[in-house]
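Quick note: the sequence shown, position 25, residue 29 per the numbering used here, numbers continuous.
Even glycine gets a Cβ: it sits at the ideal position worked out from N, Cα and C.
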Amino acid sequence: MEDAVGQLAGSPGTAAILAGGSDLLVRMKGGFIEPDLIVDIKAIDGLSEIRETAEGFSIGAAVSCAAMGESAALNREWPGVVEAAKLIGSKQVQGRCTI
Numbered sequence: 005m006e007d008a009v010g011q012l013a014g015s016p017g018t019a020a021i022l023a024g025g026s027d028l029l030v031r032m033k034g035g036f037i038e039p040d041l042i043v044d045i046k047a048i049d050g051l052s053e054i055r056e057t058a059e060g061f062s063i064g065a066a067v068s069c070a071a072m073g074e075s076a077a078l079n080r081e082w083p084g085v086v087e088a089a090k091l092i093g094s095k096q097v098q099g100r101c102t103i
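Dropping the structure here:
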């Protein structure tokens, strides 16, 4: 995590975060952004995890919509969030996209 933050903070130009990639790639292909640096966060410890806490849930920034739909605890406790994740794109897109 510290490495990713350092890269983002130290980038001399425009930097972007890659989690699922669906939104970033669309914005790049459309010419809306041209980042000088892209930092992939999928491999950072904890960012691909869904954790149940005393207050509810902690959903990492790299958790896919498909993973949210597969979580029994989320389906039980936050069915509206899971339903919203299932409304985003096709099954293939849900496997990549993050919220």
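I need the straight-line Cα distance from residue 76 to residue 5, nearest angstrom please. 28 Å
Run of the beta strand (DSSP E) containing residue 6, from where it starts to where it stops: Counting along the chain, residue 6 falls outside any beta strand (DSSP E), though it belongs to the alpha helix (DSSP H) covering 6 to 14.
Indicate whether the contact test is met: 3 or more Cβ pairs, each with one atom in the segment 45 to 62 and one in the segment 27 to 37, closer than 8 Å. no
For the alpha helix (DSSP H) containing residue 70, list its first residue and its last residue. 69 to 74
Which residues share a DSSP beta bridge with residue 43? 21
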